[in-house]
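Note that UniProt numbering has the sequence shown beginning at 1, numbered continuously upward. Comments concern the structure below.
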Amino acid sequence: MEIQRIPLDQINPAKYNPRKDLKPGDAEYEKLKKSIDEFDLVEPLVMNKRGNVLISGHQRLKILLERGDTETEVSVVDLPPDRERALNITLNKIAGQWDLPKLSELLKNLDDDLKDITGFDAEEIDELLGFKEEVQEDNFDEEAPEQPITKPGDIWLLGNHRLLCGDSTNIADVEKLMNGEKANCVITSPPYAMQRKDDYGGIPAEEYPVWFFHVASNVYRILDDSGSFFVNIKEHVEGGQRSLYVMKTIIALVEGGWRYVDQLIWTKPGLPGGWSNRLRNDFEPVHFFAKKEQIDWMVQLVDVDEGRLATLPADLVEMYEDIFHFTKAKKIKFKPRAVGKQSDLIRVYSKNNKSKGDSGNISVSGKFKKGIARPGNVLQIPGNQSSVKHSAAFPVKLPAFFIKLTTNVGDNVYEPFSGSGTTIMAAEQLGRNCYAMELSPGYCDLAVKRWEQFTGEKAVRQEV
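What follows is the structure, encoded as structure tokens:
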């Protein structure tokens, strides 16, 4: 490190700088300007000689340029990019306001040994990365209005979220909703075959794979390569047996280019059921897809301790829901640390135990981390019992789990079948941006009302 006088026009502000950019007239800006005018620049700027990147002093540089200064004393260091970013966070921790999405992005990409020198302790880092956030159920339970305000094609702005009354099988509608953005995570519970006839025409089971393939193809186009696609759906029973249309849909997606990463089980015992010819349905599946390969996973679907391999009919009580996970890319966002303390929720095993490990303490990059247990693949989340009028509505904690697992604060979540806005509510509480599509104007009205009641804010219908 050495002190040099450097021309201001040769100093390059760091584009990744996680401090909020102050402007003339801002209280903090004016205080800093008054101090520099009174005492001059007491603390030198800090610059990396590799690229002349400014590490610390972005607001001071702005004030010096505004005053008409042409050069100043600079503390010049020689650091590789990762240590440069770590020093930026360390020096910036002292004063100013954080741009939380930028800070979150910086912290998540630092190795653990560099996180230790930033000045943030483990608890602060977990909070900044959204690992400690919890969501609450809002118990919203209202019927869709008979005369909705929303019209097809309307876009509602709900704070940082967008809701389009449109068709998720139509790429023009999807692109209109996303407005040039990519989704980091997609979570949905699509209408089952022969359901929602008023909105979707009650898709016959034999046509369902082709219909949903259009939905998934549009998801593929707007999903980030590291993103994940979660689908909560279960085959209905007809003629005393399960339909196979969901299995056929999964096969169609895989043959179409998706990677079928995992199947998760959502147990929700105790919900009312009135079937006389079959056991009570205590689970639903969630299927996990991706665009690219991350790691080869093998899922434990049967728990011997629960008697699921027993042969007596009385022991064959269904205790799970499947959740399918699809991804686009080999390298995807996957953050078991965000939900790892909930060890009873998800258990995932690697096929290649020797090279990847199945100890529960391994990160996606293959590095072991202390105190991090990989969550299990069985989700024990109570069903949304208040939503008797909307029997298919899932609880806010279900999409929240996958949002925390695969995204960071400030990331984008796409919901192609928004319904009454449950995924919007999860994203709202977790600091993510939700892009929601819903074909029914009445359900769009419900989602808007639900968000307004929860936040106390007013949604705005975008002018077309």
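Think of the CB as a built atom: it goes at the ideal place given N, C-alpha and C, for glycine as much as any other residue. Note that the structure is predicted; figures quoted are calculated from it, not measured.
Here the alpha carbons of C165 and M437 stand approximately 6 Å from one another. Distance check between G153 and each of T188, A172, E146, L430 places A172 closest, using alpha-carbon atoms only. In the displayed model, S228 falls within a strand according to three-state DSSP. Closest in alpha carbon position to E38, among G25, R67, E134, is R67. Taking 9 Å as the cut-off, the Cβ atoms of L45 and V74 count as close. Boundaries of the beta strand (DSSP E) harbouring M437: 433-438, taken from the DSSP string. Inclusion of I89 and M47 in the CB contact set at 9 Å is not warranted, their separation being larger than that value. Within the region 395-462, the runs of beta strand (DSSP E) at least 3 residues long that lie entirely inside it are, in chain order, 412-415, 433-438. Taking 9 Å as the cut-off, the Cβ atoms of E428 and F454 count as close. The C-alpha of I155 is placed about 11 Å away from the C-alpha of N179. Scanning its chain for C-beta atoms nearer than 8 Å, with the 5 sequence neighbours on each side dropped, one finds around E206 the residues Y245, in chain order.
Taking all protein chains in view, the Cβ of P395 is crowded by 16 or more other Cβ atoms within 10 Å, so the residue is classified as buried.
Going by C-alpha positions, I187 is about 38 Å away from I55. For the pair D411 and Y435, the Cα-to-Cα distance works out to about 11 Å. Counted as a single uninterrupted DSSP element, the stretch harbouring D69 is not any alpha helix (DSSP H), since DSSP gives it neither H nor E.
In the structure shown, L54 adopts extended strand secondary structure according to DSSP, grouped into three states. The C-alpha of E146 lies about 32 Å from the C-alpha of G431. If you look at M47, you'll find it in the beta strand (DSSP E) that goes 45-48. When only Cα atoms are considered, I6 and N52 end up about 10 Å apart. Taking all protein chains in view, the Cβ of R19 is crowded by 16 or more other Cβ atoms within 10 Å, so the residue is classified as buried. DSSP places I11 outside any beta strand (DSSP E), giving it a letter other than H or E. The beta-bridge partner set that DSSP reports for V215 is empty. It is roughly 27 Å from the alpha-carbon of L223 to the alpha-carbon of T150.
For K248, the CB contacts under 6 Å within the same chain, skipping 5 residues up- and downstream, are P209 in chain order. Taking C-beta atoms under 8 Å as the contact rule, N184 and D262 fail to qualify, at a distance of about 17 Å.
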